[in-house]
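**Q**
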Amino acid sequence: MRKFLSLFLALAMSIACCALAAAEDTAEAMQYTEENITIDAGDHQIPATLTVPVGAEGEKFPAVVMLHGNGSTRHEAGNAYDYAALAMAKAGIATIRFDYIGNGDSTSDYIDFTYDKGVEDAMKCYEYLKTLGTIDMDHVGVMGWSQGGRLALLTAARNEVFTSVLTWAGAYDQKGNEAEQYAIAKENGYYEVTYDWREPLKQSPAYYECAMSIDYPAEVAKIKVPLLAINGKADTTVVPETAQKIVDAAVNSPDAEVLLLDGADHTFCVFSNDDTVLKTLVQDTIDWFKKTL
Numbered sequence: 014m015r016k017f018l019s020l021f022l023a024l025a026m027s028i029a030c031c032a033l034a035a036a037e038d039t040a041e042a043m044q045y046t047e048e049n050i051t052i053d054a055g056d057h058q059i060p061a062t063l064t065v066p067v068g069a070e071g072e073k074f075p076a077v078v079m080l081h082g083n084g085s086t087r088h089e090a091g092n093a094y095d096y097a098a099l100a101m102a103k104a105g106i107a108t109i110r111f112d113y114i115g116n117g118d119s120t121s122d123y124i125d126f127t128y129d130k131g132v133e134d135a136m137k138c139y140e141y142l143k144t145l146g147t148i149d150m151d152h153v154g155v156m157g158w159s160q161g162g163r164l165a166l167l168t169a170a171r172n173e174v175f176t177s178v179l180t181w182a183g184a185y186d187q188k189g190n191e192a193e194q195y196a197i198a199k200e201n202g203y204y205e206v207t208y209d210w211r212e213p214l215k216q217s218p219a220y221y222e223c224a225m226s227i228d229y230p231a232e233v234a235k236i237k238v239p240l241l242a243i244n245g246k247a248d249t250t251v252v253p254e255t256a257q258k259i260v261d262a263a264v265n266s267p268d269a270e271v272l273l274l275d276g277a278d279h280t281f282c283v284f285s286n287d288d289t290v291l292k293t294l295v296q297d298t299i300d301w302f303k304k305t306l
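Numbering (our numbering), first residue to last: 14 to 306.
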């Protein structure tokens, strides 16, 4: 009898734990909705993911447009953007993240990508947010990682609709071997960029012409909203000093700040076994947008 009672209690406790876990999963799922969408950009389609908090009827939320880096996707390295989007939704911030031309689920050819088109696609996503009815369009920010950071700066500089800007290891001016690459692109019709994690991408002469025509200090000086540049102290791809260059150029921002994270590399350690840096980065991101959106 005691053995039967012990087995019964163990079974009951197991069922209760499963029910509790299921309830917790349901409660978490009820905090936000997430869906994959496609936005019509005229000559191409933009694959995107929309993550929105669940609130009371008629409630509207601030939002952030998330821009990915070169050769990446809307999920970003180590699915860091997916993690960030869910964390931001739980904090009451909606997000839309998308694939640039020729990346991720995009069916277009990357050779058609330029920075100008990148800014246009970011704005298509901004315009899409207007159609939802659940977004407070007076409180929309833009953020980007690496090259996505550069594009976030350009997007905010050219469109005075954003209330806050943030960069993760944001690239700034393009002072390197682009002249040599441009010469090859003009001769061959493209310059092939190789990566360790994906197939090569072909950058067109138009890509280089657009990139080299941009006066980055003048563009960043147009930003009139709060700006936070986050960089890893151990980043050798976009060195930490870049964050200060961005902030120094943001002469018309009412609040331009630099945040350097100890031990963080260009991917904020997402490929390590320790997610401490990523969690810190995402919380700093949430805190910034909570303060400035």
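Note that beta-carbon positions come from the ideal geometry of N, C-alpha and C, so glycine has one too.
Tell me whether the beta-carbon of alanine 61 lies closer than 8 Å to the beta-carbon of isoleucine 124.
**A** Residue 61 sits at position 48 when you count from the first residue of the sequence shown. Residue 124 sits at position 111 when you count from the first residue of the sequence shown. Going by C-beta atoms, alanine 61 is not nearer than 8 Å to isoleucine 124.
**Q** Going by DSSP in three states, alanine 76 sits in which element: helix, strand or coil?
**A** Residue 76 sits at position 63 when you count from the first residue of the sequence shown. In the three-state DSSP reduction, alanine 76 falls in the strand class (E or B).
**Q** What's the call for glutamate 193, buried or exposed, on a 16-neighbour Cβ count within 10 Å?
**A** The residue you call residue 193 lines up with position 180 of the sequence shown. Answer is exposed; the Cβ neighbour count stays below 16.
**Q** By the three-class DSSP mapping on this structure, what secondary structure does alanine 242 have?
**A** On the sequence shown, position 229 is the one that residue 242 refers to. If DSSP states are grouped into helix, strand and coil, alanine 242 belongs with the strands.
**Q** Is it true that the CB of glycine 91 sits closer than 8 Å to the CB of valine 251?
**A** As a position in the sequence shown, residue 251 is number 238, starting the count at 1. As a position in the sequence shown, residue 91 is number 78, starting the count at 1. No, the Cβ-Cβ distance between valine 251 and glycine 91 is not below 8 Å.
**Q** When we look at the beta-carbon of serine 226 and count the other beta-carbons within 10 Å, is it buried (16 or more) or exposed?
**A** By one-based count along the sequence shown, residue 226 stands at place 213. Serine 226 should be labelled exposed.
**Q** Check the C-beta distance from glycine 5 over to alanine 182 and give it rounded, since I have them as a contact under 8 Å.
**A** Residue 5 is absent from the structure shown; the chain starts at 14 and stops at 306.
**Q** Using a 10 Å radius around the Cβ and a threshold of 16 neighbouring Cβ atoms, would you call glutamine 329 buried or exposed?
**A** No answer is possible for residue 329: the residues shown for the chain start at 14 and end at 306.
**Q** Pick from Arg171, Val174, Glu222 and Asp209: whose alpha carbon is nearest that of glutamate 191?
**A** Looking up residue 191 in the sequence shown gives position 178. For the residues Arg171, Val174, Glu222 and Asp209, the minimum Cα distance to glutamate 191 belongs to Glu222.
**Q** Just to confirm my understanding: we take alanine 34, look at its own chain, exclude 5 residues before and 5 after, and list those with CB closer than 8 Å. What are they?
**A** Start at 1 with the first residue of the sequence shown, and residue 34 comes out as number 21. Residue confidence is low: alanine 34 scores 43 on pLDDT, short of 50, so the model does not pin down where it sits. Its coordinate-derived value is still stated next. Cβ neighbours of alanine 34 beyond the five flanking positions: none.
**Q** Does chain D have any CB closer than 8 Å to the CB of tyrosine 113?
**A** Considering every chain present, this structure includes no chain D. It has just one protein chain.
**Q** How long is the line joining the alpha carbons of threonine 39 and threonine 46, rounded to whole angstroms?
**A** Along the sequence shown, read from residue 1 onward, the residue named residue 39 stands at position 26. Along the sequence shown, read from residue 1 onward, the residue named residue 46 stands at position 33. Note that threonine 39 scores 47 on pLDDT, short of 50, meaning its location in the model is unreliable and no value can be drawn from it.
**Q** Measure the beta-carbon distance from lysine 137 to glutamine 44 and round it to whole angstroms, keeping in mind my assumption that it falls under 8 Å.
**A** In the sequence shown, counting from the first residue as 1, residue 137 sits at position 124. In the sequence shown, counting from the first residue as 1, residue 44 sits at position 31. Going by Cβ atoms, the distance from lysine 137 to glutamine 44 rounds to 27 Å, so no, they are not a contact pair.
**Q** At which residues does the alpha helix (DSSP H) containing tyrosine 45 begin and terminate?
**A** Taking the sequence shown and counting its residues from 1, one reaches residue 45 at position 32. Careful: tyrosine 45 lies outside any alpha helix (DSSP H), inside the beta strand (DSSP E) at 45-53.
**Q** Assess contact between the region 230-249 and the region 263-272, defined as three or more Cβ pairs (one per stretch) separated by less than 8 Å. Is contact present?
**A** yes
**Q** Hey, out of Arg163, His88, Ala107 and Val264, whose CA is closest to proline 75's CA?
**A** Your numbering for residue 75 matches position 62 in the sequence shown. Checked all of Arg163, His88, Ala107 and Val264; the closest Cα to proline 75 is Ala107.
**Q** Alanine 231 to alanine 69, Cα distance in whole Å?
**A** Position 218 of the sequence shown, counted from the first residue, corresponds to residue 231. Position 56 of the sequence shown, counted from the first residue, corresponds to residue 69. Going from the Cα of alanine 231 to the Cα of alanine 69 covers about 43 Å.
**Q** Give every residue of the same chain whose Cβ lies closer than 8 Å to the Cβ of threonine 293, excluding the five residues on either side of it in the sequence, and list them in chain order.
**A** Residue mapping note: residue 293 aligns to position 280 of the sequence shown, counting from 1. Result list for threonine 293: Leu274, in chain order.
**Q** From tyrosine 96 to glutamate 89, what does the alpha carbon distance come to, in whole angstroms?
**A** Counted from its first residue, the sequence shown places residue 96 at position 83. Counted from its first residue, the sequence shown places residue 89 at position 76. Their Cα atoms are separated by approximately 10 Å.
**Q** Evaluate alanine 256 with the Cβ neighbour count: other Cβ atoms within 10 Å of its Cβ, from every protein chain shown; 16 or more gives buried, anything less gives exposed.
**A** Within the sequence shown, residue 256 is the residue found at index 243, counting from 1. A residue is called buried when at least 16 other Cβ atoms come within 10 angstroms of its Cβ; alanine 256 meets this threshold and is buried.
**Q** Could you give the C-beta distance for threonine 78 and alanine 170, rounded to a whole number, given that I count them as a contact under 8 Å?
**A** One-based indexing of the sequence shown puts residue 78 at position 65. One-based indexing of the sequence shown puts residue 170 at position 157. Going by the sequence as given, residue 78 is valine instead of threonine. 14 Å between Cβ atoms; not a contact.
**Q** What did DSSP end up calling threonine 293 once you bin it into helix, strand or coil?
**A** Taking the sequence shown and counting its residues from 1, the one referred to as residue 293 is at position 280. Note: threonine 293 maps to helix in three-state DSSP.
**Q** What first and last residue would you give for the beta strand (DSSP E) that runs through methionine 148?
**A** Your numbering for residue 148 matches position 135 in the sequence shown. The question names methionine, but residue 148 is isoleucine in the sequence shown. Isoleucine 148 -> beta strand (DSSP E) spans 148-158.
**Q** Which full runs of the alpha helix (DSSP H) of 4+ residues lie inside the region 159-238, going along the chain?
**A** 160-171, 191-201, 218-225 and 229-233
**Q** Output the distance between the C-alpha atoms of isoleucine 148 and lysine 199, rounded to the nearest integer angstrom.
**A** One-based indexing of the sequence shown puts residue 148 at position 135. One-based indexing of the sequence shown puts residue 199 at position 186. Near 44 Å, if we compare the C-alpha coordinates of lysine 199 and isoleucine 148.
**Q** Could you check where the alpha helix (DSSP H) with glutamate 254 kicks off and where it finishes?
**A** Reading the sequence shown from its first residue, position 241 is the one you call residue 254. Element bounds for glutamate 254: 254-262.
**Q** Under three-state DSSP, which class holds alanine 269?
**A** Position 256 of the sequence shown, counted from the start, is the residue given in the question as residue 269. Three-state DSSP puts alanine 269 in a strand.
**Q** In the DSSP assignment, the alpha helix (DSSP H) including alanine 102 goes from what residue to what residue?
**A** As a working mapping, residue 102 is identified with position 89 in the sequence shown. Residues 93-103.
**Q** In three-state terms, what does DSSP make of valine 65?
**A** For the purposes of this step, residue 65 is taken as residue 52 along the sequence shown, with counting starting at 1. Valine 65 falls in the strand class under three-state DSSP.
**Q** Could you check the C-alpha separation between tyrosine 4 and proline 218 for me, to the nearest Å?
**A** What is shown of the chain runs 14 to 306, which leaves residue 4 out entirely.
**Q** Output the distance between the C-alpha atoms of alanine 98 and alanine 277, rounded to the nearest integer angstrom.
**A** Start at 1 with the first residue of the sequence shown, and residue 98 comes out as number 85. Start at 1 with the first residue of the sequence shown, and residue 277 comes out as number 264. Spanning the two alpha carbons is a distance of roughly 20 Å.
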